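Residue numbering for the sequence shown follows UniProt numbering, beginning at 1 and increasing consecutively.
Below: the structure, in structure tokens.
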Amino acid sequence: AQALVMAAAVADYQPVATAEQKMKRRAKTLRLELTRTPDILAEAGKGFVRVGFAAESENLVANARRKLESKGLDLIVANDISGPETAFDADTNRVVILDQAGGEERLPVMTKYEVAQRILDRVVELLAKGS
């Protein structure tokens, strides 16, 4: 049994062209053209438990549910990043864990370690069911 937990995107975009040498500061502005990168989690395949994350400041559950379904994930952890106690640099987090069956587990503000433990509990449950 296996699980893939992707807590962060590698990068959503990358430069279309790369510089051969260091780019000197010459002009007042620089126009940078970006292109989307492959979605590693969406392309990871099947046959194992896949868990993604969605950091959201609005429409937390709706946005996370769309991501869960579009990527075919088993679980998605919707991170509410709208407040100071749940921002990226905070030691605590407030999340909703969504699953393919339509379930929503709303966790109170807790340490990131406690959130990680709950996520692992859910992964173990799915592995035991043979998902």
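Just so you know, even glycine gets a beta-carbon here, dropped at the ideal spot from N, CA and C.
The structure displayed is predicted, hence computed values, not measured ones.
According to DSSP, which residues form a beta bridge with M23?
-> Position 23 of the sequence shown, counting from 1, holds the residue named residue 23. Paired residue(s): none; M23 is not in a bridge.
Give the C-beta separation of V51 and L127 to the nearest angstrom, bearing in mind that I take them to be a contact with Cβ-Cβ under 8 Å.
-> On the sequence shown, position 51 is the one that residue 51 refers to. On the sequence shown, position 127 is the one that residue 127 refers to. V51 to L127, Cβ: 11 Å. No contact.
From V61 to R31, what distance separates their C-alpha atoms?
-> Within the sequence shown, the letter at position 61 stands for residue 61. Within the sequence shown, the letter at position 31 stands for residue 31. One C-alpha to the other measures close to 35 Å.
Three-state secondary structure (DSSP) at D121?
-> As a first step, residue 121 must be located in the sequence shown, where it is residue number 121. Reduced to three states, the DSSP call for D121 is helix.
Do V95 and V77 have their C-beta atoms within less than 9 Å of each other?
-> Position 95 of the sequence shown, counted from the first residue, corresponds to residue 95. Position 77 of the sequence shown, counted from the first residue, corresponds to residue 77. The answer is yes: Cβ separation under 9 Å.
Any C-beta of chain C under 9 Å from that of A90 | Judged by its chain identifiers, the structure shown contains no chain C, having just a single protein chain.
Apply the 10 Å Cβ neighbour rule to K112 and answer buried if 16 or more other Cβ atoms are within range, or exposed otherwise.
-> Numbered from 1 along the sequence shown, position 112 holds the residue referred to as residue 112. Exposed.
Where the beta strand (DSSP E) through R66 begins and ends = As a first step, residue 66 is located in the sequence shown; it is residue number 66 there, counting from the start. Element bounds for R66: not the beta strand (DSSP E) but the alpha helix (DSSP H), 60-71.
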